[in-house]
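In the UniProt record's numbering, the protein residues as written are 1 to 56.
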């Protein structure tokens, strides 16, 4: 009825992938704001100065 003469059947498939989770009471919690021991800003500045050639 819907097949081709050679016996094949044209078809289109849609595949949906999903992932999820429910947080657990034992899951690690984020640290308080301002509790970092190192500054990301300073680290990025250090990286930039190390990779950028200094002009004379």
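Cβ atoms here follow ideal geometry from the backbone N, Cα and C, with glycine treated the same way.
These figures come from a predicted structure and were not determined experimentally.
Quiz item: Does DSSP classify residue 48 as helix, strand or coil?
Solution: helix
Quiz item: Distance, Cα to Cα, residue 43 vs residue 29?
Solution: So the alpha carbons of these two residues sit roughly 24 Å apart.
Quiz item: Roughly how many angstroms lie between the CA atoms of residue 10 and residue 17, to the nearest whole one?
Solution: 23 Å
Self-check item: Local conformation of residue 41 per DSSP, three classes
Solution: In the structure shown, residue 41 sits in a helix (DSSP, three-state: H, G or I).
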